[in-house]
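For the sequence shown, my numbering gives the first residue as 1, with consecutive numbering after it.
All C-beta atoms, glycine included, are put in the ideal place defined by N, C-alpha and C.
Since the model is a prediction, treat every value here as computed from it, not as a measurement.
Some notes on the structure that comes next.
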Amino acid sequence: MIGFFKRVFELTEVHRRRRRARLDTTPRSTVELCRLLQRRGRVAAARDVARDGLLRFPASADLRDILHSTWQRSTKKRVNELQQKVDADPSIENYVALIEHLQEFDETDRATEVSRQLVQKHPDDAAAALVSGRILIARFHRDHVAQDGALGLRSMQRAAELDPQSFEAHFALAETNYYIGAVSKALQHLYQALDVQPEHTEANRLYRILTRLPLEKQQERELLREVEENDEASFRFQSDAASESGDTASPTKIASGLEQLSLLAGVRRTVLSHRGVEAVAQEGRQVPVDDETGCLLELARGFRRTASLSAKRMGIGAFEEAEMSFDTGTILAFGSGSTILMIETEGASRLATIAAEARHYLAGSAVREPETAHA
1 MIGFFKRVFE LTEVHRRRRR ARLDTTPRST VELCRLLQRR GRVAAARDVA
51 RDGLLRFPAS ADLRDILHST WQRSTKKRVN ELQQKVDADP SIENYVALIE
101 HLQEFDETDR ATEVSRQLVQ KHPDDAAAAL VSGRILIARF HRDHVAQDGA
151 LGLRSMQRAA ELDPQSFEAH FALAETNYYI GAVSKALQHL YQALDVQPEH
201 TEANRLYRIL TRLPLEKQQE RELLREVEEN DEASFRFQSD AASESGDTAS
251 PTKIASGLEQ LSLLAGVRRT VLSHRGVEAV AQEGRQVPVD DETGCLLELA
301 RGFRRTASLS AKRMGIGAFE EAEMSFDTGT ILAFGSGSTI LMIETEGASR
351 LATIAAEARH YLAGSAVREP ETAHA
């Protein structure tokens, strides 16, 4: 009888956590539900909750870690079966089945390796090049590593050359070139895609967007590097509602707060690298980037890039704070989402006060990362 009531209590607790997770606009409740299911031994259920949660909160390192660990425990047998089929018959169909299974559980890195093997086995097959391109571009969207983007574009281009009538290849090339800001190349491939499927809804929607944008002035390599440095797309959709509500952070508002921080006693200068907006402030005003301030800005950029890759690829969680001491003073570094704030101080006596003000600044609306649920 005690065991029966215990099971009823456990089920009630799970249902309560599920309701809370559906209502919570942050990933916290979903993470708690996953961990509860793991403690109950329900590994497959925790895996499915984590997978669904990542659709709403794609930047959650905790959910990604849970999905990875539960996937390894619950689907190892299935992966081995699919791998054995590939070993016995390395056909494109068997490779694709394994790759799609890996992608379903966000195992993009392993899927990338398998897709590389697929292209080596079938170098002159358009379908193989298309699958490889999709995986590489998916990883580029996740990590914003320029090399992944370049390889993905090259693979998609190869697919389009092998099959000039491939709508999927031309449309993927159009979307990715739009993403990095290569408008002329995006239009070129979109025209070819529309020749194959002139009534395609998303293709026509993209055409309306591209025809209103200026043509790029940089080469592909420079555009990819810019996306990597800024850790975001060159062109970004903004809904009318967002525009009217003023939810987007303005560079003026961000810089104003940075200037105020630079007026704090004990602060020598402040630097911010935030979603394409970079600024340096000293003594209450913005200052130009020179040899001296440029070093601190480069350090902030390096922190921003390393923190992003560490959270996405190494699963060690998001960077929050660091303190670096030098003979000339201390540098405080703070992270919030894709934002890095660095403060160079003249001594160590007011570090606690400066850190508190920095946290308050990052928590403000000007630089706070949006908590939008992703469907």
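Endpoints, beta strand (DSSP E) assigned at R116
R116 -> not in any beta strand (DSSP E); alpha helix (DSSP H) instead, spanning T108 to K121.
In terms of alpha-carbon separation, which member of H122, A172 and D163 lies closest to A138?
A172
Three-way DSSP call (helix, strand, coil) for A186 in this model
helix
Have a look at D195, M342 and V287 and flag the residue whose alpha-carbon is nearest the alpha-carbon of F303.
Nearest to F303 by alpha-carbon distance, out of D195, M342 and V287, is M342.
Going straight from the alpha carbon of E104 to that of K217, what length do you get?
Between E104 and K217, the C-alpha separation is close to 37 Å.
Contact check, A376 vs L258, beta carbons under 8 Å:
Outside the displayed span of the chain (1 to 375) sits residue 376, for which this structure offers no information.
Would you kindly work out how many angstroms separate the C-alpha atoms of R268 and T330, rounded to a whole number?
10 Å
Roughly how many angstroms separate the alpha carbons of E369 and Y95, rounded to a whole number?
At E369 the pLDDT is 46, less than 50, meaning the model places this residue with poor confidence; the figure from the coordinates comes in the next sentence. Taking the straight line joining both Cα atoms gives about 38 Å.
Going straight from the alpha carbon of E357 to that of A111, what length do you get?
Going from the Cα of E357 to the Cα of A111 covers about 44 Å.
Just confirm the distance between the C-beta atoms of A186 and N177, as a whole number of angstroms; I'd bet it's less than 8 Å.
4 Å
Bridge partners of I340, per DSSP?
Under the DSSP definition of a beta bridge, I340 partners with S273 and G335.
Please state if the CB of V227 and the CB of G149 are separated by a distance shorter than 8 Å.
yes
Would you mind reading off the limits of the beta strand (DSSP E) that contains F326?
E321 to F326 is the extent of the beta strand (DSSP E) around F326.
Leaving aside the five residues before and after A355 along the sequence, list all residues of the same chain whose C-beta is less than 7 Å from its C-beta, in chain order.
L332
Please list, in chain order, all residues of the same chain as T270 whose beta carbon is under 6 Å from its beta carbon, the five residues on each side excluded.
L258, L261, S262, A281 and I343
Proximity to Q192 [Cα-Cα], best of H200, Q165 and R212:
Q165 is the residue among H200, Q165 and R212 whose C-alpha sits nearest the C-alpha of Q192.
Would you report the Cα separation of A127 and F57, rounded to the nearest angstrom?
31 Å
Range of the contiguous alpha helix (DSSP H) that encloses G152
A146 to L162
R22: which of L54, Q38 and R39 sits nearest, CA to CA?
L54
To the nearest angstrom, how far is the alpha carbon of R18 from that of S91?
C-alpha separation (whole angstroms): 41 Å.
Which of helix, strand or coil DSSP assigns to A281
strand
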